[in-house]
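Visitor: Numbering (this note's numbering), first residue to last: 7 to 304. For every residue, glycine included, the Cβ atom is placed at its ideal position computed from N, Cα and C. Bear in mind the structure is a predicted one, so any value in this text is a computation, not a measurement. One structure, as structure tokens, below. Some questions next.
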Amino acid sequence: MIKNISIIGSGTMGNGIAHVFAQFNHHVNLIDVNQEALDNAVLTITKNLDRQVSKGALTGDQKHNALQNIKTFTSIKDGVKNADLVVEAATENIELKLKIFKDLDEFSPENCILASNTSSISITQIAAVTNRGDKVIGMHFMNPVPVMKLVEVIRGYQTSDETTETIMSLSESLEKIPVEVNDYPGFVANRILMPMINEAIYTLYEGVAGVHEIDTVMKLGMAHPMGPLQLADFIGLDVCLAILKVLNDGFGNPKYAPCPLLVNMVAAGKKGAKSGEGFYKYTAGSKELIVADKFKKS
Ligand SMILES: NC(=O)c1ccc[n+]([C@@H]2O[C@H](COP(=O)([O-])OP(=O)(O)OC[C@H]3O[C@@H](n4cnc5c(N)ncnc54)[C@H](O)[C@@H]3O)[C@@H](O)[C@H]2O)c1
Numbered sequence: 007m008i009k010n011i012s013i014i015g016s017g018t019m020g021n022g023i024a025h026v027f028a029q030f031n032h033h034v035n036l037i038d039v040n041q042e043a044l045d046n047a048v049l050t051i052t053k054n055l056d057r058q059v060s061k062g063a064l065t066g067d068q069k070h071n072a073l074q075n076i077k078t079f080t081s082i083k084d085g086v087k088n089a090d091l092v093v094e095a096a097t098e099n100i101e102l103k104l105k106i107f108k109d110l111d112e113f114s115p116e117n118c119i120l121a122s123n124t125s126s127i128s129i130t131q132i133a134a135v136t137n138r139g140d141k142v143i144g145m146h147f148m149n150p151v152p153v154m155k156l157v158e159v160i161r162g163y164q165t166s167d168e169t170t171e172t173i174m175s176l177s178e179s180l181e182k183i184p185v186e187v188n189d190y191p192g193f194v195a196n197r198i199l200m201p202m203i204n205e206a207i208y209t210l211y212e213g214v215a216g217v218h219e220i221d222t223v224m225k226l227g228m229a230h231p232m233g234p235l236q237l238a239d240f241i242g243l244d245v246c247l248a249i250l251k252v253l254n255d256g257f258g259n260p261k262y263a264p265c266p267l268l269v270n271m272v273a274a275g276k277k278g279a280k281s282g283e284g285f286y287k288y289t290a291g292s293k294e295l296i297v298a299d300k301f302k303k304s
């Protein structure tokens, strides 16, 4: 039975994953190298649980229990020693993830399943640095984790049926909808999403239409909840660029080559909402979308 969950990384995704497991009565060890990130994660989880209570989705007692279920750690060794499952949600960097999985293999119990929330890095490659390839799997939650229903469950080359079945039914027990996919670059979600975002950026770059016009066509014409340029800003333009590079390298097909405008924006530090500017400008507290000066029509 999967009861004890350790989560590596307490950033955007790690805190959401911790929230959901704790809400469904798992014991959660949340681990980050950065104490400030851990403190912020607990604050964010508390705020998000409060929102659920105010909407009537949770009782005050359930909120209290969820918070009681979470412990924080700054050391992987201490945080994973009793884990039945580890979900790694650290920064998207291959060398970092390979190092973390070597440590997880060394310090977690022999039967513990090791999952990664990576958006694009090969599960097969991650599994290869461990001695338990059959127990390594992708568990790709979507942002914001407490709200989004999908879990993309990624089978690496060596992942066993037993590990896959355990993760599929665990995801269902969290009231998520898991979908099983195989381990090829971008899996399914980003293989389809990122070329659409890249094409939207090319459409802007080639002067076919402006930011507002492109997003409006896709929102109203395709019933997407937000346009692809706004979505790119929310995901982070640096993250979009990194995923496109994985697709481009992995398939060796120029159709995945990142648009030069995206490359330039990331080099200029315009990373989207988190940096205050991408295709739009983001001012604290404002819900209005303001197209960045560079893309304004004169
Ligand atoms: N942000 C998204 O929308 C999204 C969606 C799906 C998947 N992902 C994936 O989830 C993972 C995390 O993304 P994020 O957006 O939460 O990143 P983030 O930058 O918000 O958080 C990453 C956290 O990892 C911590 N960290 C770095 N090295 C560590 C180590 N050695 N041990 C423990 N903690 C460490 C950092 O201190 C930071 O708090 C990435 O693999 C990303 O591709 C992100």
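Determine the burial state of T80: buried for a count of at least 16 other Cβ atoms within 10 Å of its Cβ, exposed for fewer.
Guide: exposed
Visitor: First and last residue of the alpha helix (DSSP H) that includes M200?
Guide: It spans A195 to Y211 - the alpha helix (DSSP H) in which M200 sits, taken as one unbroken run.
Visitor: Using three-state DSSP, classify M154 as helix, strand or coil.
Guide: coil
Visitor: Helix or strand or just coil, what does DSSP make of F147?
Guide: strand
Visitor: Going by other Cβ atoms of all chains shown within 10 Å of its Cβ, with 16 needed for buried, is E3 buried or exposed?
Guide: This structure gives no information on residue 3, because the portion of the chain shown stretches from 7 to 304.
Visitor: By alpha-carbon positions, which one of G213, S60 and L36 ends up nearest to Y95?
Guide: Strictly speaking, residue 95 in this sequence is Ala, with Tyr absent from that position. Ranking G213, S60 and L36 by Cα distance to A95 puts L36 first.
Visitor: To which residues of the same chain is M202 closer than 8 angstroms at the C-beta, ignoring the five residues directly before and after it?
Guide: P234
Visitor: Compute the Euclidean distance between the alpha carbons of V269 and V245, then round it to the nearest angstrom.
Guide: 11 angstroms
Visitor: With DSSP collapsed to three states, give me the class of V135.
Guide: In this structure, V135 counts as coil in the three-state DSSP scheme.
Visitor: Quickly, what does DSSP pair N10 with across the bridge? List them, please.
Guide: Residue pairing by DSSP places N10 opposite H33 in a beta bridge.
Visitor: Apart from the five residues just before and just after V159, which ones in its own chain have a Cβ nearer than 8 angstroms to its Cβ?
Guide: I143, G144, M145, H146, T170, I173, M174, S177, P184, V185, E186 and V187
Visitor: Give the secondary structure of P266 by DSSP, where H, G and I count as helix, E and B as strand, and everything else as coil.
Guide: DSSP places P266 in helix when its eight states are reduced to three.
Visitor: Tell me N188's beta-bridge partners as DSSP assigns them.
Guide: R161
Visitor: Taking all protein chains shown into account, do 16 or more other C-beta atoms lie within 10 angstroms of the C-beta of E168, making it buried, or fewer, making it exposed?
Guide: exposed
Visitor: Are at least three pairs of beta-carbons, each pair with one atom in the segment 189 to 203 and one in the segment 248 to 261, less than 8 angstroms apart?
Guide: yes
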